[in-house]
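Peer 1: Protein chains in written order, with the numbering used here: chain L, 1 to 268; chain B, 269 to 620. Glycine is no exception: its CB is placed at the ideal position from the N, C-alpha and C atoms.
1. Looking at residue 118 of chain L and residue 127 of chain L, is the spacing between their C-beta atoms short of 7 Å?
2. What would DSSP say about residue 285 of chain B, mapped onto helix, strand or coil?
3. Among the candidates B:270, B:314 and B:369, whose CA atom is the shortest distance from the CA of residue 332 of chain B?
4. Would you mind telling me which residues of chain L sit closer than 9 Å to residue 371 of chain B, beta carbon to beta carbon, in chain order?
5. Can you tell me where the beta strand (DSSP E) with residue 229 of chain L in it begins and where it stops?
6. Check residue 620 of chain B in the structure and name its three-state DSSP category.
7. What span of residues does the beta strand (DSSP E) with residue 426 of chain B cover, start to end?
8. Which residue from L:201, L:151 and L:233 puts its Cα closest to that of residue 91 of chain L?
9. Compile a chain-ordered list of the residues in the region 54-75 of chain L whose CB is closer than 8 Å to at least one CB of chain B.
10. Contact criterion: CB-CB distance below 7 Å. Does residue 128 of chain L meet it with respect to chain B?
11. I need the straight-line Cα distance from residue 328 of chain B to residue 439 of chain B, nearest angstrom please.
12. If we call anything under 7 Å between Cβ atoms a contact, is residue 241 of chain L one with residue 45 of chain L?
13. Taking 7 Å as the CB-CB cut-off, is residue 375 of chain B touching chain L?
14. Residue 266 of chain L CB to nearest chain B CB: under 7 Å?
15. To the nearest angstrom, how far is it from the Cα of residue 602 of chain B to the Cα of residue 595 of chain B?
16. Could you check the C-alpha separation between residue 76 of chain L and residue 194 of chain L for me, to the nearest Å?
17. Using 10 angstroms around the beta-carbon of residue 6 of chain L, count the other beta-carbons present and answer buried if the total reaches 16, otherwise exposed.
18. The beta strand (DSSP E) with residue 540 of chain B in it runs from where to where?
19. Nearest to residue 145 of chain L by alpha carbon, out of L:109, L:135, L:81 and L:206?
20. Can you tell which of B:413, B:446 and B:608 has its C-alpha closest to the C-alpha of residue 517 of chain B?
21. Could you tell me which of B:589, B:305 and B:280 sits nearest to residue 562 of chain B, measuring between CA atoms?
22. Counting only Cβ-Cβ distances shorter than 9 Å, please list the residues of the region 322-347 of chain B near chain L, keeping chain order.
23. Contact between the region 342-357 of chain B and the region 155-165 of chain L: three or more CB pairs below 8 Å?
24. Going by beta-carbon coordinates alone, are residue 442 of chain B and residue 460 of chain B separated by less than 7 Å?
25. Mind checking the region 393-427 of chain B against chain L and listing, in chain order, the residues whose C-beta falls within less than 8 Å of any C-beta there?
26. Do residue 287 of chain B and residue 320 of chain B count as a contact pair if the criterion is CB distance below 7 Å?
27. Of all the options B:471, B:277 and B:488, which has the alpha carbon lying nearest to the alpha carbon of residue 314 of chain B?
28. So for residue 215 of chain L, helix, strand or coil by DSSP?
29. Which residues bound the alpha helix (DSSP H) around residue 445 of chain B?
30. When the distance is taken between beta carbons, is residue 250 of chain L closer than 7 Å to residue 139 of chain L?
31. According to DSSP, simplified to helix, strand and coil, what is residue 574 of chain B?
32. Would you mind sorting residue 120 of chain L into buried or exposed? The rule is 16 or more other CB atoms within 10 Å of its CB.
33. Since residue 352 of chain B meets chain L, which of its residues come closer than 9 Å, beta carbon to beta carbon?
34. What residue from L:209, L:232, L:210 and L:158 has the CA that sits closest to residue 192 of chain L's CA?
35. Between the Cα of residue 63 of chain L and those of L:78, L:202, L:37 and L:105, spot the shortest distance and give me the residue it belongs to.
36. 7 Å is my cut-off, CB to CB: does residue 186 of chain L come that close to chain B?
Here it is as structure tokens:
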């Protein structure tokens, strides 16, 4: 009973800021300006299939790169002496102390046609290359911004893997490679799935990164939604419909992901 | 019988601290060897050197006559039963036991029959699909043993495997382990701090303290002929008093002289006199050399444990005879039950 009372503020918060807005989004998506029901907006989403495909594709690539980069980092971190782990973790978190926008602006100046990287290339007689306003720059921005969200869940799972279990595997004849694939990877699956979720979801819905690093040619779903509410093509009904479809896609992907998680560690 | 594992002049240092101080040990084929000692004595370190998890700072590790110092654990023909079992939490009982065989790419059909044999041996038929996290301590223990033995190692290393089990289960597993060792004709190297366990199971007991080997011998040798006061005290309870040897076969302690059977000490050399509590017989006080007042009596099941205040020393006595607290009693010890030991400094090993 007491627990219920204590959780009341959170329940109210949830209703006002999550459930009600969700209902509003759904309502906007299936009505016209004068309030009559329609599926026209949802049908219109189909026109933007190429943007959906691009968004999913770029965030899948970014998530995959994050996983490949973060896995060895997290593993090394988890096997370090306890007192070194704190320092290293702080280094991982450090970029997150700085504003997201500023970090992305920094990449704009680095990658620009007259930016530092092209300047350095120029010194050795190369370039200039077109770095900014490419899909590669968008992926780079995603990886850079979301990498800590992959490292942290991986680290927290790996840190709990008992050293003696790893020793047991090598005692039973596993070489280091086989220890990795037979023991460490299977035991870090919960970290892998939650890391993927924490990178993929913000990456697929971002609009800042694509706007700043992708130029006009790399429009993502996030940009599309923003344009319906704040841009020239003002159409909140269509925006709501796109949002709804995006949520559905994320929900499906997460459900698939959960199939790989142990039963007691389902994420949603 | 030939030596299967030999350690030669092993020294191990961690961060400049010496954990093993020049250890040499030969383990014979098909032998049940127990490394016995208090925590921090270096017994687990010794075991981990044989397994390959620790590289000795200096010294040689020989397996079947070959030097294996630099051979990584996965290439050694030994398997370990870990202290907290270290089962793979993501695998069920069957897959845990099959792990080593799968790594070696043994055909699944053979795995099925070999894992089956192991399940029979450790009495876990029907548990194949069970998650190891849902097993009791004793069951996890048996999975750990099966997982190691299924690989048919020449040597099985066991690191305090029964430490987490309750007394009754532990006794049962002791007999079980001994049976398995004899049935499969394997070499077992067993680490424990429990002296009773060591005496019950082993062919050879290696008593360690402070990074030194104190004594190597059969359980009866170790119990009856401890080489120094540490071993005597660690193997079962002992009364240890300071004494001296005025001449051969005579020892003086608590101000009186007693007949004994030890010789070869220099005149008036100071020694440790060790007497087992069960070797002290209670006699009438009038005609006794040693007397004392019963200070406490505790019923221990088979015997009473009495603390007797003899002015110079408090004697521990195990006797089936009950004497009430406050009684003046006499104590008698037969000459061959008085063990004389050279004094050793805490930190030193005994020359063997």
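Peer 2: On the basis of the data shown:
1. yes
2. strand
3. B:270
4. In chain order: 169, 172, 173, 174, 175, 178 and 182.
5. Looking at the DSSP string, residue 229 of chain L is not in any beta strand (DSSP E); the run it does join, the alpha helix (DSSP H), is 221-230.
6. Because residue 620 of chain B carries a pLDDT of 43, less than 50, the predicted location of this residue cannot be relied on, and the following value inherits that uncertainty. Three-state DSSP puts residue 620 of chain B in coil, outside helix and strand.
7. 423-427
8. L:151
9. none
10. no
11. 36 Å
12. For residue 241 of chain L and residue 45 of chain L, yes; Cβs fall inside 7 Å.
13. no
14. The predicted position of residue 266 of chain L is uncertain, since its pLDDT is 45 and thus under 50; no value can be drawn from it.
15. 23 Å
16. Cα to Cα, residue 76 of chain L sits roughly 19 Å from residue 194 of chain L.
17. exposed
18. Start and end: 537-543.
19. L:206
20. B:608
21. B:589
22. 340, 341, 342, 343, 344, 346 and 347
23. Touching, per the Cβ criterion.
24. no
25. Taking 8 Å as the Cβ-Cβ cut-off against chain L, the residues of the region 393-427 of chain B that qualify are 415, 416 and 419.
26. No; because the gap between Cβ atoms is not below 7 Å, this pair is not in contact.
27. B:277
28. Three-state result, residue 215 of chain L: helix.
29. Residue 445 of chain B -> alpha helix (DSSP H) spans 435-452.
30. no
31. strand
32. Counting other Cβ atoms within 10 Å of its Cβ, residue 120 of chain L stays below 16 and is therefore classed as exposed.
33. 162 and 164
34. L:158
35. L:202
36. yes
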